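Trainee:
2 protein chains.
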Amino acid sequence: MIDLSASDRVRQTTLESGLRVVTETMPHLETAALGVWVAAGSRAEREAENGIAHLLEHMAFKGTERRSARAIAEEIEAVGGELNAVTGLENTAYYARVLKDDVPLAIDILADIIQNSLFDPAELAREQGVIMQEIMAAHDTPDDLVFDLVQDAAFPGQSIGRSVLGTIDSIRGFTAADLDDFLTRNYAPDQMIVAAAGAVDHDALVADIADRFSVVRDASVDPAIPAQFDAGRNLLDRPLEQVHLVMGFSGIPICDRRIYAAQLLSTLLGGGMSSRLFQEIRERRGLCYGIYTYHWAVSDSGLFGLYAGTGPEQVEELADVVMTELAQVDDTVNDIELERAKAQLKAGLMMSLESPSSRIDQMARHLSAFDRIIPPAELIAGVEAVTRSDIAELADAVFGPDRAAVAAVGPEAGLASLAVFGSNRST
Amino acid sequence: MIDLSASDRVRQTTLESGLRVVTETMPHLETAALGVWVAAGSRAEREAENGIAHLLEHMAFKGTERRSARAIAEEIEAVGGELNAVTGLENTAYYARVLKDDVPLAIDILADIIQNSLFDPAELAREQGVIMQEIMAAHDTPDDLVFDLVQDAAFPGQSIGRSVLGTIDSIRGFTAADLDDFLTRNYAPDQMIVAAAGAVDHDALVADIADRFSVVRDASVDPAIPAQFDAGRNLLDRPLEQVHLVMGFSGIPICDRRIYAAQLLSTLLGGGMSSRLFQEIRERRGLCYGIYTYHWAVSDSGLFGLYAGTGPEQVEELADVVMTELAQVDDTVNDIELERAKAQLKAGLMMSLESPSSRIDQMARHLSAFDRIIPPAELIAGVEAVTRSDIAELADAVFGPDRAAVAAVGPEAGLASLAVFGSNRST
Chain A
4 MIDLSASDRV RQTTLESGLR VVTETMPHLE TAALGVWVAA GSRAEREAEN
54 GIAHLLEHMA FKGTERRSAR AIAEEIEAVG GELNAVTGLE NTAYYARVLK
104 DDVPLAIDIL ADIIQNSLFD PAELAREQGV IMQEIMAAHD TPDDLVFDLV
154 QDAAFPGQSI GRSVLGTIDS IRGFTAADLD DFLTRNYAPD QMIVAAAGAV
204 DHDALVADIA DRFSVVRDAS VDPAIPAQFD AGRNLLDRPL EQVHLVMGFS
254 GIPICDRRIY AAQLLSTLLG GGMSSRLFQE IRERRGLCYG IYTYHWAVSD
304 SGLFGLYAGT GPEQVEELAD VVMTELAQVD DTVNDIELER AKAQLKAGLM
354 MSLESPSSRI DQMARHLSAF DRIIPPAELI AGVEAVTRSD IAELADAVFG
404 PDRAAVAAVG PEAGLASLAV FGSNRST
Chain B
4 MIDLSASDRV RQTTLESGLR VVTETMPHLE TAALGVWVAA GSRAEREAEN
54 GIAHLLEHMA FKGTERRSAR AIAEEIEAVG GELNAVTGLE NTAYYARVLK
104 DDVPLAIDIL ADIIQNSLFD PAELAREQGV IMQEIMAAHD TPDDLVFDLV
154 QDAAFPGQSI GRSVLGTIDS IRGFTAADLD DFLTRNYAPD QMIVAAAGAV
204 DHDALVADIA DRFSVVRDAS VDPAIPAQFD AGRNLLDRPL EQVHLVMGFS
254 GIPICDRRIY AAQLLSTLLG GGMSSRLFQE IRERRGLCYG IYTYHWAVSD
304 SGLFGLYAGT GPEQVEELAD VVMTELAQVD DTVNDIELER AKAQLKAGLM
354 MSLESPSSRI DQMARHLSAF DRIIPPAELI AGVEAVTRSD IAELADAVFG
404 PDRAAVAAVG PEAGLASLAV FGSNRST
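Chain order of the listed sequences is A and B.
Under the numbering used here, think of the first position of the first sequence as 4, with each following residue one higher.
Under the numbering used here, think of the first position of the second sequence as 4, with each following residue one higher.
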C-alpha cells in the first residue's frame with residue numbers, strides 16, 4: 004500500500020535566505036522531476052507591465068555570465084534531460100526532468116538561469132519576436148483565445164484579467180531595465196520554492212541548493228490588490244465553423260474550506276463522461292464534441308468555468324440547457340453522483356502520487372498556499388467530508404444567469420443568442 | 004536499478020482464439036493502465052468508408068446488451084476509473100486507467116463494449132452529430148487541420164492519406180449495417196492485443212480475458228494496399244495571423260532497421276531546444292514560437308515531418324532556411340549532436356519505463372510490429388549502434404526540395420512563397 008500519510012517520504016527545509024525546499028523520495032524510481040516556483044506571475048505585474056513575467060521567463064533561457072542560450076539547451080539535453088517553464092497568475096515555474104545522477108546539474112542550471120540572466124539587448128529583441136509569434140499562435144487557436152477573453156470578462160481592468168502573454172504592443176516596449184526592475188521586486192529567495200520528487204536525496208539536494216541559490220535579495224513585492232469578479236461579456240466575431248464558448252462564475256479561493264466542495268461540484272457537473280453536462284448536452288442531445296468544467300483557485304479568488312464548442316445553430320439551445328442544469332443542481336444533487344465524484348477525485352489523487360511531475364506541482368502548490376504539505380490522507384478526508392448540502396449551498400452561492408462572465412469566439416450568427424448574458428465589453 | 008532486460012516483469016500469453024496478452028507488473032504501484040489494441044484503424048477502411056473506424060470507436064461507448072451508454076460511463080467512474088479510446092492509422096485502442104482492485108471491472112467493460120455494442124439507430128444519429136462537431140472543431144484549429152492536409156498531400160487518394168475523422172458527408176451516410184460490416188471484417192480476436200502495466204497479475208488477467216473475450220470470429224481483413232508517398236502540395240487560404248506549415252518527407256517503416264537512425268535524425272534536427280532547427284530558426288533568427296520535427300512509422304511506410312508556425316512575412320525565409328538545414332545535415336552531422344540525441348532518446352525511454360500508460364503503448368506497438376516485446380536494453384543498443392554515416396545516408400535518402408509534401412493554412416500572402424514545392428492539390 005502507498006503510505007497515505009507519506010510523512011517519512013516527504014521532507015521540508017527552509018534555508019536561511021527564506022527559500023523553501025520540499026522533496027518526496029520515491030525509492031523505486033531512476034529519474035527525478037524538480038522545479039523552482041517563484042511567487043511572481045502575471046498578477047505581480049503593474050498595468051504597464053502586462054506580459055513581463057512571461058517575457059522574463061523566456062529571457063531566463065537566453066544566457067547568463069557562465070552560459071550562452073545555446074549552452075543552456077545543450078548542457079541539459081546532453082544528459083537527456085528536459086527544461087521547461089510556465090508563467091501562471093501567481094507564480095512562474097521552471098522545471099527539469101532528468102535521470103537520477105543529473106539532479107545536481109539540473110539544480111545548477113536552474114539556479115543560474117533564475118539568478119544570473121543577462122538580458123542581452125540582441126537576445127531580448129529576438130525573444131520579443133518569438134513571443135509576438137506565440138501571441139499570434141494563441142489568437143489563431145479559438146480554444147486558447149476564448150480563455151483569455153473570459154479572463155478579461157470576469158476580471159476587467161485587473162492584472163488577473165489580462166493575458167499572461169501580454170500584447171504585441173506591450174511586449175515590444177520592454178527593455179532590459181524593465182526586466183531588472185520586475186526581477187528585483189519579485190525574485191527574492193523567500194519568494195521561491197524548490198520541489199523535487201523521484202530519485203532524489205533531500206539532504207544532498209538542500210546542500211546543493213544552499214550553494215547555488217546564493218543571491219541575497221529582499222523582495223519589495225507590490226501589495227496585493229484583491230480580485231474583483233464581474234459578470235462581463237466578451238464576444239469575438241470570427242469566421243469559424245464552431246462557436247467556442249466559456250462561461251465563468253466567481254470561484255473559491257485556495258485556502259477556503261469549500262475548495263473540496265468546489266472540486267466535487269465541477270467533477271459532477273462536467274468532470275467526466277458520467278457528469279451531468281456531458282450526459283445531457285453531448286450524450287442526450289448530441290450538441291457538441293467537447294464540453295467540460297473546471298475550477299481554478301488563487302489566494303483570494305477563483306473561477307468556476309465551463310467550456311463547450313458547438314455549431315452556430317446549436318449555441319442558443321446549449322447555453323439554455325447549461326443554465327438550466329446549473330440552476331437546478333442545488334435542489335437535485337444526489338448521493339450516487341456525489342459518491343462517484345468523490346471516487347474520481349480520490350483515484351486521480353492516487354494516480355498523481357505515482358507521478359513525480361504531478362507530485363512536485365502539488366507539493367509546491369500546498370507549500371505556497373498553506374506553508375505545509377497536506378498529506379494524501381488529509382486530502383482524502385477533506386473530499387470524504389463534503390455533504391450534499393455543502394454542494395447545494397455552494398451551487399446556490401455561485402451560479403445564476405446574471406452571475407456569468409461569458410466569452411465566445413465564432414461566427415456572428417452564433418454569438419447573437421449570448422447577448423443576454425452580462426455587460427458587453429466586445430471590441 | 005531498473006532491470007533493463009525486464010524479462011521477469013514482462014509476460015506474454017496467446018489465447019486459443021489468437022488474442023494476445025502482454026503485461027508488465029510494476030510491484031510498487033497501486034494503479035494500473037490497460038488497453039485493447041485492435042488492428043483496424045483508418046487504413047482498414049474502403050474508399051466509401053472514410054471515418055468508419057473512428058465512428059465505430061465512438062459507438063463502442065453507446066450501449067451493449069448489458070449496459071446503456073450511461074451505465075458504461077457511470078460504472079467506470081463510480082470506481083474513479085477512466086475510459087478512453089483513440090483511432091489511428093493501423094489500429095484503434097481502447098484504454099482504461101484504474102486502481103488495482105478495479106482491473107477486472109475494466110476488463111469486463113472493455114470486452115463488453117468491443118464485442119457487444121448495439122448500434123442503436125437513435126444513438127447512432129446522435130453520435131454522427133457529435134462527430135460532425137468534432138470535425139468542425141478540428142477545422143477551426145489550424146495546427147490540427149494542417150496535419151490532415153499534409154497527410155493528404157503525402158498520400159493522395161489512399162486511406163492512409165484521408166482524415167481519421169472522415170468528412171461531414173461520409174459520416175452522415177453510415178448505417179448500423181455499415182458498422183457491422185466493418186466490425187465483422189476486422190474485429191476478430193487474432194487482430195487484438197491486450198496490454199496492461201502497473202498493479203496487475205498476469206495469470207489472473209489472462210483468465211479474466213479468456214472468460215470475457217469469448218466472441219469467436221474469423222477476420223476477413225482486406226489485403227493491405229502499399230502506401231505510395233507523393234510530394235504533393237495542399238495550401239489553404241484562411242484569415243489567420245500565422246501560416247501553420249508542415250513539410251513531410253517519405254519516412255521509414257517500423258520494422259526497418261533504420262528506424263533508430265530516423266528517430267535520432269528527427270531528434271537532432273527538431274527534437275528539443277538544442278536541435279538544429281530550433282537553434283537556427285527560433286533562437287538565432289526569432290522567426291517562430293513553435294517548431295519541431297517528428298517521425299511516425301507504420302508497417303510499410305512512415306513520414307518524417309516538420310511543423311512550424313510563423314507570420315506571413317516570415318514564411319519564405321523560414322522555408323528557405325529549413326530546406327538549407329535539411330540539405331546540409333548529411334555532410335555536417337557531428338558526433339557531439341549525435342551523442343546528445345542518443346542521450347535524449349535513452350533518457351526518454353527510462354522515463355517511459357516508469358509510466359504504466361507509456362509502457363502499455365510501447366508494448367502493444369512492439370507486439371503488433373514484431374510479435375515480441377523488445378527489451379529496453381535492446382532498444383538502447385539499437386540507439387547506441389547508429390553512426391554518423393547512418394544518419395548521413397538516411398538524410399541523403401529522405402530529404403530534397405522536390406521530395407517534400409507541403410501543407411499550410413494561413414493568409415494568402417503567406418502561402419505564395421510555398422508554391423515552389425510539390426504539385427498543387429489545393430481546392
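Ideal Cβ positions, reconstructed from N, Cα and C, are used throughout, including at glycine.
Small disclaimer: the values here were computed from a predicted structure and weren't measured.
Could you tell me the boundaries of the beta strand (DSSP E) in which Gly15 of chain B lies?
Mentor: This sequence places Gln at residue 15 of chain B; Gly is not what is there. Segment 13-17, the beta strand (DSSP E) holding Gln15 of chain B.
Trainee: Rounded to a whole number of angstroms, what is the C-alpha to C-alpha distance between Gly54 of chain B and Gly160 of chain B?
Mentor: Looking at the two C-alpha atoms, the distance is approximately 14 Å.
Trainee: Distance cutoff 8 Å, beta carbons only. Does Leu32 of chain A sit that close to anything in chain B?
Mentor: It does; some Cβ of chain B falls within 8 Å.
Trainee: By how many angstroms is the C-alpha of Pro145 of chain A removed from the C-alpha of Gly312 of chain A?
Mentor: Distance between the alpha carbons of Gly312 of chain A and Pro145 of chain A is about 10 Å.
Trainee: In this structure, does DSSP put Ala398 of chain A in helix, strand or coil?
Mentor: Three-state DSSP puts Ala398 of chain A in a helix.
Trainee: For Met326 of chain A, report the span of its alpha helix (DSSP H) as first-last.
Mentor: Where Met326 of chain A is concerned, the enclosing alpha helix (DSSP H) stretches over 318-335.
Trainee: When we look at the beta-carbon of Val219 of chain B and count the other beta-carbons within 10 Å, is it buried (16 or more) or exposed?
Mentor: Exposed.
Trainee: Determine the burial state of Thr67 of chain B: buried for a count of at least 16 other Cβ atoms within 10 Å of its Cβ, exposed for fewer.
Mentor: Counting Cβ neighbours within 10 Å, Thr67 of chain B comes out buried, since at least 16 surround it.
Trainee: Taking the straight line between their C-alpha atoms, what separation do you get for Thr178 of chain B and Ala76 of chain B?
Mentor: So the two alpha carbons sit approximately 24 Å from each other.
Trainee: Can you say whether Glu387 of chain B is buried or exposed, counting buried as having 16 or more other CB atoms within 10 angstroms of its CB?
Mentor: Per the 10 Å Cβ criterion, exposed.
Trainee: To the nearest angstrom, how far is the alpha carbon of Met4 of chain B from that of Glu27 of chain A?
Mentor: Any reading at Met4 of chain B needs caution, since the residue's pLDDT is 41, under 50, leaving its predicted position unreliable; the model's value is listed next. For Met4 of chain B and Glu27 of chain A, the distance between alpha carbons rounds to 18 Å.
Trainee: For Met353 of chain B, would you say it is in contact with chain A, using Cβ-to-Cβ distances shorter than 8 Å as the test?
Mentor: Interface residue, yes.
Trainee: Using a beta-carbon distance cut-off of less than 9 Å, what residues from the region 300-317 of chain B approach chain A?
Mentor: Those residues of the region 300-317 of chain B that come within reach of chain A (Cβ to Cβ, closer than 9 Å) are Gly312, Thr313, Gly314, Gln317.
Trainee: Could you check if Ala74 of chain B belongs to the surroundings of the ligand SAM, using beta carbon to heavy atom distance under 7 Å?
Mentor: Of the ligands one can find in the structure shown there are none, so the ligand SAM has no counterpart to examine.
Trainee: Quick one: Cα of Ile117 of chain B to Cα of Gly273 of chain A, how far?
Mentor: Approximately 26 Å, taken between the alpha carbons.
Trainee: DSSP on Met250 of chain A, reduced to helix/strand/coil?
Mentor: Reduced to three states, the DSSP call for Met250 of chain A is strand.
Trainee: Can you give, in chain order, each stretch of the alpha helix (DSSP H) that sits fully within the region 399-424 of chain A and has at least 4 residues?
Mentor: Taking only runs of at least 4 residues, the alpha helix (DSSP H) segments lying wholly in the region 399-424 of chain A are 415-418.
Trainee: Would you call the region 298-318 of chain B in contact with the region 260-272 of chain B, where contact means no fewer than 3 C-beta pairs closer than 8 Å?
Mentor: These segments touch.
Trainee: Measure from the C-beta of Met250 of chain A to each C-beta in chain B and report whether the shortest distance is under 8 Å.
Mentor: No, because no Cβ of chain B sits closer than 8 Å to the Cβ of Met250 of chain A.
Trainee: Determine whether the Cβ of Val133 of chain A lies closer than 8 Å to any Cβ atom of chain E.
Mentor: Among the protein chains in the structure shown, which are A and B, there is no chain E.
Trainee: From Asp115 of chain B to Gln245 of chain B, what distance separates their C-alpha atoms?
Mentor: Cα-Cα distance, rounded: 46 Å.
Trainee: Identify the contact partners of Ala140 of chain B in chain A, using a Cβ-Cβ distance below 7 Å as the criterion.
Mentor: Under the 7 Å cutoff, chain A gives Gln245, Tyr292, Gly293, Gly312.
Trainee: If we cut at 8 Å on Cβ distances, does Glu137 of chain B have a partner in chain A?
Mentor: Taking Cβ atoms only, chain A reaches closer than 8 Å to Glu137 of chain B, which makes this a yes.
Trainee: Apart from the five residues just before and just after Phe424 of chain B, which ones in its own chain have a Cβ nearer than 6 Å to its Cβ?
Mentor: Excluding positions up to five away in sequence, the list reads Arg236, Ala407, Val409.
Trainee: Measuring only between beta-carbons, confirm whether Asp143 of chain A sits less than 8 Å from chain B.
Mentor: Asp143 of chain A counts as touching chain B.
Trainee: Would the beta-carbon of Ala322 of chain B fall within 8 Å of that of Ser420 of chain B?
Mentor: Contact flag set, yes.
Trainee: Quick one: any contact between the region 13-29 of chain A and the region 200-214 of chain A, if contact means 3 or more CB pairs under 8 Å?
Mentor: Yes, the region 13-29 of chain A touches the region 200-214 of chain A.
Trainee: Tell me the residue span of the alpha helix (DSSP H) that contains Asp206 of chain A.
Mentor: Unbroken alpha helix (DSSP H) run through Asp206 of chain A: 205-215.
Trainee: Flag Met276 of chain A as yes if its beta-carbon sits less than 8 Å from any beta-carbon of chain B, otherwise no.
Mentor: Judged by the 8 Å Cβ criterion, Met276 of chain A is in contact with chain B.
Trainee: Would you check if there are 3 or more beta carbon pairs closer than 8 Å linking the region 162-178 of chain A to the region 326-345 of chain A?
Mentor: No, they do not touch.
Trainee: Distance, Cα to Cα, Ser429 of chain B vs Ala411 of chain B?
Mentor: Annotation note: pLDDT 49 at Ser429 of chain B (below 50); position unreliable, no value reported.
Trainee: Give me whichever residues DSSP pairs with Asn237 of chain B in a beta bridge.
Mentor: BP columns for Asn237 of chain B point to B:Ala410.
Trainee: Would you mind telling me which residues of chain A sit closer than 8 Å to Leu82 of chain B, beta carbon to beta carbon, in chain order?
Mentor: Note that residue 82 of chain B corresponds to Val in the displayed sequence, not to Leu. Residues of chain A passing the Cβ test: Ala346, Ala350.
Trainee: Taking CB distances under 8 Å as the criterion, tell me whether Val224 of chain B reaches chain A.
Mentor: It does not; no Cβ of chain A falls within 8 Å.
Trainee: Leaving out the 5 sequence neighbours to the left and right, which residues in its chain are closer than 8 Å to Ala330 of chain B when beta-carbon positions are compared?
Mentor: Around Ala330 of chain B: Phe402, Gly403, Pro404.
Trainee: Cα-Cα, which of A:Thr95, A:Thr90, A:Gly83, A:Asn94 is closest to Val101 of chain A?
Mentor: Ranking A:Thr95, A:Thr90, A:Gly83, A:Asn94 by Cα distance to Val101 of chain A puts A:Gly83 first.
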